[in-house]
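Encoded as structure tokens, the structure appears first; notes follow it.
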Amino acid sequence: MTTTNAKKRVIIEADGGSRGNPGPAGYGAVVLDPDDRTVLAERKQAIGIATNNVAEYSGLIAGLEAATEVGAHEAEVRMDSKLVVEQMSGRWKVKHPDMIPLARRAAELAQAFSHVEYRWVPRADNAHADRLANEAMDAANENGEQPPPKTEEMAPGWTGAVGKPTRLLLLRHGQTQLSIERRYSGRGDHALTPEGHRQARFAAERLARQRGRIAAVVSSPLTRAQQTAHAVAEGLGVDVHVQDGFIETDFGEWEGLTFAEAAERDPELFQRWLTDTSVAPPGGEPFDEVHRRIQKAKDELVAEYSGANVIVVTHVTPIKTLLRIALDVGPALLFRLHLDLASLSIAEFYPDGGAAVRLINDTSHTHTR
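Shown next, in the form of structure tokens:
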């Protein structure tokens, strides 16, 4: 639907989606009057097999084109893709080869306006464009543009697990000052050191070469994890999704202490804590509670990204717990497994409940310079 009434200033809401990432994709865009939200123009189209990010950029381009056609001079672009908003605002670089020509085309269209502002909004506030994108994908399916058939995969060895697994690439964050001093670092929100940023950059370079498309980068809410995650996500051209369930253990009053200092402060409790996962540090969180939290976060992630590759940037205990769940072993693993800074581990979770661990504590990427 298009109107011919010229509007100096408009709102553009744009979205795109992919059923498979990459998979059958489509976009939607709507141009609105900012005063009464009258629809001035709508666009929607299926674009074949593509990623979410390509579809979202396509929606932005369609929205800018439609706004130009209705005579707009200024536009406020609202999207639920933080990646597109940050890149078009000039705060993030566009590095992914699929996105470079699309970002360039969007920038060219934006130059025709006297002012274009990009604003991130929650998905719920972008429902109109989201609906149009889904209508485009639905119409493509009805016309015979079906997604490629899924192939059944079998886990390695004799596990018997079948189906396409959700592969979690588990990346520990880079170095902080507390990790240099070997102090308990739980809920304390510490930033990366220069060496930590270097480690994050090298991890990002490695993961950019990872076989298979990455559907998402998921991060703990803590700064050290998010800084590492954003380095990885920028190289891949995807968004970072923060999931609180992957936060580190709460070490309570032991936060910031060394192993020896905690043992000296609470000798009896400390020894019990080392052998009993139901025991919590003073004012902190027991490993049993961490296990339940990580199990729930893992289940939610596998349900949302079924059969996809997902990078999870988090901390020592969450990664050990995910490996423990995949291996179906007892809590002794928490005390016997060592994980280095910026190390990569990989666990796969199958739809029938099976699991496989493919990699543990690989740091080869941090020694390449």
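Quick note: the sequence shown, position 253, residue 252 per numbering that gives the first Met the number 0, numbers continuous. Even for Gly, the Cβ is constructed at its ideal location relative to N, Cα and C.
Checklist entry - If we count the other Cβ atoms within 10 Å of its Cβ and call it buried at 16 or more, is isoleucine 293 buried or exposed? => result Taking the first residue of the sequence shown as position 1, residue 293 is located at position 294. Per the 10 Å Cβ criterion, buried.
Checklist entry - What does lysine 43 pair with, by DSSP beta-bridge criteria? => result Taking the sequence shown and counting its residues from 1, the one referred to as residue 43 is at position 44. Beta-bridge pairing links lysine 43 to Gly27.
Next on the checklist: Short of 6 Å in beta carbon distance, which residues of its chain neighbour valine 53, apart from the five on each side in sequence? Order them along the chain.
Outcome noted: Counting from one through the sequence shown, the residue named residue 53 turns up at place 54. Excluding sequence neighbours, valine 53 sits near Asp97.
Checklist entry - Apart from the five residues on each side of it in sequence, which residues of its chain come closer than 6 Å, Cβ to Cβ, to leucine 101? => result Within the sequence shown, the letter at position 102 stands for residue 101. Tyr56.
Next on the checklist: For glutamate 299, report the span of its alpha helix (DSSP H) as first-last.
Outcome noted: Working through the sequence shown from its first residue, we reach residue 299 at position 300. 286 to 303 is the extent of the alpha helix (DSSP H) around glutamate 299.
Item to check | Contact check, proline 121 vs aspartate 79, beta carbons under 9 Å | outcome: Here residue 121 refers to the residue found at position 122 when the sequence shown is read from its first residue. Here residue 79 refers to the residue found at position 80 when the sequence shown is read from its first residue. Going by C-beta atoms, proline 121 is nearer than 9 Å to aspartate 79.
Next on the checklist: I need the DSSP call for lysine 149, collapsed to helix, strand or coil.
Outcome noted: Against the sequence shown, residue 149 aligns to sequence position 150. Note that lysine 149 has pLDDT 41, beneath the 50 cutoff, so the model's placement of it is unreliable and no number is given.
Item to check | Rounded straight-line distance, which links the Cα of proline 280 to that of aspartate 249 | outcome: Here residue 249 corresponds to residue number 250 of the sequence shown, with the count starting at 1. Here residue 280 corresponds to residue number 281 of the sequence shown, with the count starting at 1. Each residue's alpha carbon lies about 8 Å from the other.
Item to check | Assigned secondary structure, arginine 432 (DSSP; H/G/I helix, E/B strand, else coil) | outcome: Since the first residue of the chain shown is 0 and the last is 368, residue 432 is not available in this structure.
Checklist entry - Applying the criterion that 16 or more other CB atoms from any shown protein chain within 10 Å of the CB defines a buried residue, is leucine 82 buried or exposed? => result Walking along the sequence shown from the start, residue 82 turns up at place 83. Buried, because 16 or more other Cβ atoms sit within 10 Å of the Cβ of leucine 82.
Next on the checklist: Using only the alpha-carbon positions, how far apart do alanine 111 and threonine 222 sit?
Outcome noted: Numbered from 1 along the sequence shown, position 112 holds the residue referred to as residue 111. Numbered from 1 along the sequence shown, position 223 holds the residue referred to as residue 222. Answer to the nearest angstrom: the Cα atoms are 38 Å apart.
Checklist entry - Alpha carbon to alpha carbon, how far is phenylalanine 245 from serine 344? => result Here the question's residue 245 lines up with position 246 in the sequence shown. Here the question's residue 344 lines up with position 345 in the sequence shown. Each residue's Cα considered, the two are about 15 Å apart.
Checklist entry - Going by C-alpha distance, which of Ala355, Ala341, Leu63 is nearest valine 231? => result What you label residue 231 is simply residue 232 of the sequence shown in a count that begins at 1. Answer by Cα proximity: Ala341.
Checklist entry - Does the distance from the C-beta atom of lysine 297 to that of leucine 336 stay below 9 Å? => result Translated into positions along the sequence shown, residue 297 becomes position 298. Translated into positions along the sequence shown, residue 336 becomes position 337. Not closer than 9 Å, so no.
Item to check | Start and end residues, alpha helix (DSSP H) containing glycine 58 | outcome: Here residue 58 corresponds to residue number 59 of the sequence shown, with the count starting at 1. Run containing glycine 58: 51 to 68, per the alpha helix (DSSP H) assignment.
Checklist entry - Taking C-beta to C-beta, are serine 218 and threonine 313 nearer than 9 Å? => result Position 219 of the sequence shown, counting from 1, holds the residue named residue 218. Position 314 of the sequence shown, counting from 1, holds the residue named residue 313. In this structure, threonine 313 lies closer than 9 Å to serine 218 by Cβ.
Next on the checklist: By the DSSP assignment, the alpha helix (DSSP H) with serine 178 in it spans what residues?
Outcome noted: As a first step, residue 178 is located in the sequence shown; it is residue number 179 there, counting from the start. Segment 176 to 179, the alpha helix (DSSP H) holding serine 178.
Item to check | Identity of the residue in Ala105, Asn51, Asp243, Phe258 nearest glutamate 180 by Cα | outcome: The residue given as residue 180 occupies position 181 in the sequence shown. For glutamate 180, the nearest C-alpha among the options comes from Phe258.
Item to check | Whole-angstrom distance between glutamate 233 and glycine 283, CA atom to CA atom | outcome: Sequence index remark: in the sequence shown, residue 283 carries index 284 (1-based). Sequence index remark: in the sequence shown, residue 233 carries index 234 (1-based). In a straight line, the C-alpha of glycine 283 is about 34 Å away from that of glutamate 233.
Checklist entry - If you run the structure through DSSP and keep just helix, strand and coil, what is valine 76? => result Within the sequence shown, the letter at position 77 stands for residue 76. Reduced to three states, the DSSP call for valine 76 is strand.
Checklist entry - For tryptophan 91, does the three-state DSSP call read helix, strand or coil? => result In the sequence shown, residue 91 corresponds to position 92, counting from 1. Note: tryptophan 91 maps to coil in three-state DSSP.
Next on the checklist: If I follow the unbroken alpha helix (DSSP H) through tryptophan 253, where does it start and stop?
Outcome noted: What you label residue 253 is simply residue 254 of the sequence shown in a count that begins at 1. Element bounds for tryptophan 253: n/a, residue is neither H nor E.
Checklist entry - Taking just the CA atoms, how far does arginine 166 sit from proline 147? => result Counting from 1 along the sequence shown, the entry for residue 147 is found at position 148. Counting from 1 along the sequence shown, the entry for residue 166 is found at position 167. With a pLDDT of only 43 at proline 147, under the threshold of 50, the placement of this residue in the model should not be trusted; the figure read from the coordinates follows. Taking the straight line joining both Cα atoms gives about 20 Å.
Checklist entry - Quick one, are the C-beta atoms of alanine 139 and histidine 172 less than 9 Å apart? => result Within the sequence shown, residue 139 is the residue found at index 140, counting from 1. Within the sequence shown, residue 172 is the residue found at index 173, counting from 1. No, Cβ-Cβ distance for alanine 139 and histidine 172 is not below 9 Å.
Checklist entry - Among residues of its own chain, excluding the 5 on either side of leucine 168, which ones have a beta-carbon nearer than 6 Å to its beta-carbon? => result Numbered from 1 along the sequence shown, position 169 holds the residue referred to as residue 168. Cβ neighbours of leucine 168 beyond the five flanking positions: Ile310, Ile345.
Checklist entry - Does tyrosine 56 get closer than 9 Å to chain D when you measure Cβ to Cβ? => result Protein chains in the displayed structure number just one, and chain D is not present.
Checklist entry - Are the CB atoms of glutamate 299 and glutamine 225 nearer to each other than 9 Å? => result Counting from one through the sequence shown, the residue named residue 299 turns up at place 300. Counting from one through the sequence shown, the residue named residue 225 turns up at place 226. Result no, Cβ atoms of glutamate 299 and glutamine 225 do not sit closer than 9 Å.
Checklist entry - Can you give the Cα-Cα distance for lysine 319 and tyrosine 349, rounded to whole angstroms? => result Counting from 1 along the sequence shown, the entry for residue 319 is found at position 320. Counting from 1 along the sequence shown, the entry for residue 349 is found at position 350. When rounded, the distance between both Cα atoms is 19 Å.
Checklist entry - What residue does the alpha helix (DSSP H) around alanine 203 start on, and which one ends it? => result Mapped onto the sequence shown, residue 203 falls at position 204. Looking at the DSSP string, the run of the alpha helix (DSSP H) that includes alanine 203 is 193 to 207.
Checklist entry - Between leucine 358 and the rest of its own chain, which residues show a CB-CB distance below 7 Å, the 5 nearest in sequence each way excluded? => result The count along the sequence shown starts at 1 and reaches residue 358 at position 359. Excluding positions up to five away in sequence, the list reads Leu343, Ser344, Ile345.
Checklist entry - Run through DSSP, which three-state label would glutamate 247 get? => result As a first step, residue 247 must be located in the sequence shown, where it is residue number 248. In the structure shown, glutamate 247 sits in coil (DSSP, three-state: anything other than H, G, I, E or B).
Next on the checklist: In this structure, how does DSSP classify aspartate 14 when only helix, strand and coil are distinguished?
Outcome noted: Counting from one through the sequence shown, the residue named residue 14 turns up at place 15. The answer is strand: DSSP assigns aspartate 14 an E or B state.
Checklist entry - Where does leucine 333 sit, in a helix, a strand or coil, going by DSSP? => result Working through the sequence shown from its first residue, we reach residue 333 at position 334. In this structure, leucine 333 counts as helix in the three-state DSSP scheme.
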